[in-house]
Each structure stands twice: as structure tokens, then as C-alpha cells.
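Engineer: Under our numbering, think of the first position of the sequence shown as 4, with each following residue one higher.
I have a structure here, written as C-alpha cells, and I will follow up with some questions on it.
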Amino acid sequence: MTTEEPAVAPAVAETAADIAAMRTRGAATIADAVAEALATQARVSEADGVEAFRAELRAAAQRLYETRPTAVSLPNALRYVLRGIDGETVTALRTATIDRAEQFQADLAQAQSRLGEIGANRLRDGDVVMTHCHSTDALACIESALADGKAIEAIVKETRPRKQGHITASDLREWGVPVTLIVDNAARRYLDDADHVLVGADAITADGSVINKIGTSGLAVMARERGVPVMVAAQTIKLHPDTMTGHSVEIELRDEREVLTESESVEILGGEDDPEFSVANPAFDVTPPRHVDAIVTEHGQFPPESIVTLMRDLFGEPTGRPWEP
Ligand code: RI2
């Protein structure tokens with residue numbers, strides 16, 4: 004082993020491969036797996052000194068980070084675990100890493116239900132909620148409102164191209180919530196019947212912009228025009244601390260086949276190659292803070308413009324790559 008290439012535990016490599024292949028997916032699931040992997044690295048390390056141990060942890064963090072650098076819960080989990088590790092010996096560092104990872108995982112397990120309780124306070128008995136895509140954070144608010152005995156109805160946008168609205172509809176029906184499923188283009192027509200737009204987030208930037216499934220920003224503009232409040236449910240692992248220093252968030256561009264099947268493509272082009280025809284399939288868009296009424300987190304609800312204060316409290320000043328001091 005050289006100092007340039009410290010050992011990464013096989014379990015860490017496996018976790019990294021699972022995230023890269025999206026066998027492990029979802030903000031909280033990724034964050035939990037990453038914390039677990041760092042704890043495992045600490046447990047199995049055979050490093051013979053403090054520096055070697057730290058180098059192994061950094062290498063493990065880097066391996067995990069490079070799988071999906073734009074999934075913001077991943078660097079956030081790494082930052083949280085690595086930030087609090089102090090000790091004069093390998094044994095002390097090992098214990099500190101494991102404790103820190105366990106604390107993070109315990110907090111994570113509580114965060115969504117706390118967020119749900121806070122979000123539920125915005126929902127009144129009899130309210131109708133319009134949803135976009137499938138967000139477990141957004142659904143936690145409805146679940147908690149139901150547990151409080153409130154009757155809630157939902158207008159569920161199907162959410163092209165992958166139709167994750169179907170998962171939302173299925174979850175809500177399991178809980179007994181009356182659901183009206185609509186195509187995305189019907190949103191403006193049905194906003195007249197809605198008391199809230201309720202969405203999740205993939206990332207939240209320092210200025211309070213919300214990066215969420217493509218179509219969210221258009222929905223938020225229409226909701227503002229109709230006077231329907233827009234509520235975003237997002238655990239704090241979705242806050243993007245790098246944006247405090249002006250970094251922008253990369254928007255994932257996905258496969259064109261999600262939009263247009265092979266046979267549909269033949270219908271349009273007659274099976275010919277056409278260099279002047281293309282399909283654009285961005286996964287997310289950016290909703291500016293002026294179109295968002297509240298961001299609900301496990302630490303309370305915030306106007307989007309003040310989310311940067313919470314970001315600074317939780318993550319400190321950004322450090323660039325999560326394993327760098
Ligand atoms: P939770 C989804 O993206 C949606 O955009 C949703 O709002 C967001 O993730 C957050 O979901 P994708 O995974 O973490 O469908 O709240 O690309 O479950």
C-alpha cells in the first residue's frame with residue numbers, strides 16, 4: 004500500500020457501485036448508505052497510524068463521492084461524518100468515526116417524520132393538495148395530517164416522462180386519500196380546486212431556489228397566478244452548501260428514450276437518421292424563491308430567502324470537496 008492509494012474496504016467499494024448503478028437511490032437511502040460505509044471503513048481499517056487512517060477515510064469518501072457528485076445528500080452525509088472526527092490514536096479516531104456515523108443515521112431516521120409533523124400543520128381538514136412527481140418528504144406531510152385526523156384530497160400530476168405520479172397515487176390510495184390523477188397539461192385547469200401545491204426537492208440552493216422534477220417551476224408560476232400557496236418539503240440533507248460560494252447545480256440530462264420510444268421515433272422520422280432532430284430530457288428544473296411560499300424541513304418551516312441561515316448553521320462555511328479539511 005502506498006500513501007497515494009490507501010486501502011478502500013470492499014464493503015465501501017460495493018456501496019459505491021450500488022449508488023452508481025442506482026440500486027441504492029433516494030436522498031435519505033444514499034445518505035444512510037454512505038454513513039454506514041464510512042463506519043465500516045473505520046471498523047475494518049488496519050492503518051498503523053493516525054495519518055494513514057485519515058488517508059483511508061478520505062479515499063473512501065472520494066470513492067463514494069465520485070459515484071453521483073450531483074446527488075447532494077451524498078456529499079452532505081460525508082461532510083457530516085468527517086467533520087466531527089478527532090482523536091490522537093487510531094482507536095480514538097475509529098470510535099469517533101463510528102459514533103459520528105451512527106449519530107447521523109439516527110438523526111436521518113427521525114428527520115422525515117419530524118418534517119411531516121411540521122408540514123402537516125400547514126394542511127387543514129378538508130384541504131385539497133396538488134402534487135408533482137413522487138417525494139417521500141412531501142408525502143410525509145400528508146401522512147402526518149391524516150394521522151392528526153384531517154381529511155385530505157389530492158390532485159396528482161402524472162409527471163412525464165417517467166410518470167412517478169403513479170407511485171404518489173398508489174401511496175395515497177393505500178392511505179385512503181381520494182385521488183384525481185391528471186395529465187401534466189391539465190394542472191392550470193385543476194389549480195382552481197387546490198388549496199396547496201405540495202412538492203419535494205432534489206436540492207435547495209443558498210438563495211432559496213428549489214431544484215425539483217422538471218415541470219415544478221411552471222407549476223409554481225401558475226400557482227402564484229392562481230393564488231395557491233406552494234409548499235416544498237425537503238429534509239436538510241437536500242440543502243446544497245456549495246451554492247453559498249456561487250457554485251451552480253448541475254441538472255441531470257437523461258436518456259431520450261424516456262421521452263420517445265424507438266417506434267415513436269420511427270413514426271416521426273421514418274427510420275431515417277436526422278441530425279437536425281433531437282430530444283431533450285432534463286430531469287429537473289429550478290424554481291426561483293419568489294414562487295415558493297415555504298420550505299418545510301425537520302428543523303421548521305422557512306421562507307426560501309432565509310434558508311441560507313439554516314444552511315450555514317448546519318454545514319458551516321463550505322469546504323469544497325467533503326473530505327478536505
Ligand atoms: P424524496 C424525485 O426525483 C422528485 O423530484 C422528488 O421531488 C425528489 O426526488 C425528492 O424525493 P427522482 O428521484 O427524497 O424521481 O422526497 O428523479 O423522496
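We put the beta carbon where it would ideally sit given N, CA and C, even for glycine.
Remember, it's a predicted structure, so these values are computed and weren't measured experimentally.
Which residues in the same chain as THR70 place their Cβ atom closer than 6 Å to its Cβ, once the five residues preceding and following it in sequence are excluded?
Structural biologist: Same-chain partners within the cutoff: ALA19, ILE22, ALA23.
Engineer: Considering only the alpha carbon of each residue, which of ALA30, ALA31, GLU39 lies closest to ALA12?
Structural biologist: With distances taken between Cα atoms, ALA12 lies closest to GLU39.
Engineer: Would you mind listing the beta strand (DSSP E) stretches within the stretch 226 to 276 that are 3+ residues and don't spill past its ends, in chain order?
Structural biologist: The stretch 226 to 276 contains these whole beta strand (DSSP E) runs: 233 to 236.
Engineer: Please report the residue range of the beta strand (DSSP E) in which GLY303 lies.
Structural biologist: Here the beta strand (DSSP E) through GLY303 covers 303 to 305.
Engineer: LEU331 and VAL37: beta carbons closer than 8 Å?
Structural biologist: Look at the range of the chain in this structure, 4 to 328, and you will see that residue 331 is not part of it.
Engineer: If you reduce the DSSP assignment to three classes, tell me which class HIS137 lands in.
Structural biologist: DSSP places HIS137 in coil when its eight states are reduced to three.
Engineer: Would you please state the rounded distance, in angstroms, between the beta carbons of LEU256 and VAL282? I believe it to be under 8 Å.
Structural biologist: About 10 Å; that fails the 8 Å criterion.
Engineer: Just verifying my parser: in three-state terms, what is the DSSP assignment at VAL282?
Structural biologist: If DSSP states are grouped into helix, strand and coil, VAL282 belongs with coil.
Engineer: What separation, rounded to the nearest whole angstrom, lies between the Cα atoms of LEU60 and GLY249?
Structural biologist: Cα to Cα, LEU60 sits roughly 28 Å from GLY249.
Engineer: Using alpha carbons as the reference points, say which of GLU301, LEU222, TRP178 lies closest to ARG117.
Structural biologist: For ARG117, the nearest C-alpha among the options comes from GLU301.
Engineer: Going straight from the alpha carbon of ASP245 to that of PHE318, what length do you get?
Structural biologist: Looking at the two C-alpha atoms, the distance is approximately 10 Å.
Engineer: Along the chain, where does the alpha helix (DSSP H) that runs through ASN188 open and close?
Structural biologist: Run containing ASN188: none; DSSP gives neither H nor E here.
Engineer: Let me know the secondary structure DSSP gives VAL132 once reduced to three states.
Structural biologist: Three-state result, VAL132: strand.
Engineer: With H, G and I counted as helix, E and B as strand and the rest as coil, what does DSSP make of ASN124?
Structural biologist: Coil, per DSSP.
Engineer: Any heavy atom of the ligand RI2 closer than 7 Å to the CB of ASN215?
Structural biologist: Under cutoff, so the answer is yes.
Engineer: Over the uninterrupted beta strand (DSSP E) stretch that includes ALA297, give me the two end residues.
Structural biologist: Residues 297 to 300.
Engineer: Can you tell me whether DSSP reads THR27 as helix, strand or coil?
Structural biologist: Coil.
Engineer: For LEU184 versus GLU156, is the C-beta spacing smaller than 8 Å?
Structural biologist: No; because the gap between Cβ atoms is not below 8 Å, this pair is not in contact.
Engineer: Applying the 10 Å Cβ sphere with the 16-neighbour rule, what's the burial state of GLU267?
Structural biologist: GLU267 is exposed by the Cβ-count criterion.
Engineer: Grab me the residues of THR43's own chain with a C-beta within less than 7 Å of its C-beta, minus the 5 sequence neighbours each way, in chain order.
Structural biologist: Answer for THR43: ALA12, ALA14, VAL15, listed in chain order.
Engineer: Buried or exposed: where does ILE217 fall if 16 or more other Cβ atoms within 10 Å of its Cβ makes it buried?
Structural biologist: Answer is buried; the Cβ neighbour count reaches 16.
Engineer: Is SER138 a contact residue of the ligand RI2, with contact defined as CB to any heavy atom under 7 Å?
Structural biologist: Indeed, a heavy atom of the ligand RI2 lies less than 7 Å from the Cβ.
Engineer: Could you check whether ILE207 and ILE298 sit closer than 8 Å to each other, using their CB atoms as the reference points?
Structural biologist: Cβ atoms of ILE298 and ILE207: closer than 8 Å.
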